[in-house]
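At position 102 of the sequence shown (counting the first as 1) the number is 116 in my numbering, and the numbers step up by one without a gap. Ideal Cβ placement from N, Cα and C applies to all residues, glycine included. It should be emphasised that the depicted structure is a prediction, and the values quoted were computed from it without experimental measurement. The block underneath contains the structure these notes are about, expressed in C-alpha cells.
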Amino acid sequence: MEKGSSAGKRRSTLSSDDDDVRESQSHSSSSSSSRTKKRPRSVKDNIDDEAVDSGKARRRLNKISNELSDLTAMKKKLKHREKKILEEAQQIKEEADQLMGQMHKKIKTKGIVHLNVGGVTYSTSVDTLTQFENSMLAAMFSG
C-alpha cells in the first residue's frame, strides 16, 4: 500500500509541479510582453524615427522650395505687367497732353469775339456764334 500511496503522491506532486511551471510560464510571457512595451528605445529605433523625421522635413523643405519658386515666378510676371501698365499709362498721358494742346488751340482760335452792333460793343465766344452749324454766323466764323 505504501507503494501505491507513494506513487499517488508523486503524481499529485508532478501535476502540481506542472501547474507551477505553466503558471510561471504564463507570468513570464505576460511580463515579457510588458517588458517589450517598456523596454528602452534602441539606437535602431532612434535612427528609424530620425529617418522618418528627416523624410518629413525633406518633404516640407521641398514644398516650401516649390512655393518659393512659384512666388518668384509670380513676382517676375507682376513686374512685367507693372512695366506694361506704366508704359500704357505714359502713352495715355502723352495722348491726353496732345488732346489738351489741340483743345487749347481751338479755344484760342475760337476765343472771345467783340462785336460792334450799332455803336454798342458786345462780347461773345465763337462757340456761341457757331453753335448752329447751318447759320450765317457759323458760316462767317467757320473760317
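- Counted as a single uninterrupted DSSP element, the beta strand (DSSP E) harbouring T138 occupies residues 134-139.
- Note that the C-beta distance between L143 and V131 is not below 8 Å.
- Going by DSSP, N130 is part of the beta strand (DSSP E) stretching over 126-131.
- Distance between S83 and E109, taken at the CA atoms: about 39 Å.
- For E147, the secondary structure class from DSSP, reduced to helix, strand or coil, is coil.
- Taken through DSSP and simplified to helix, strand or coil, R72 comes out as helix.
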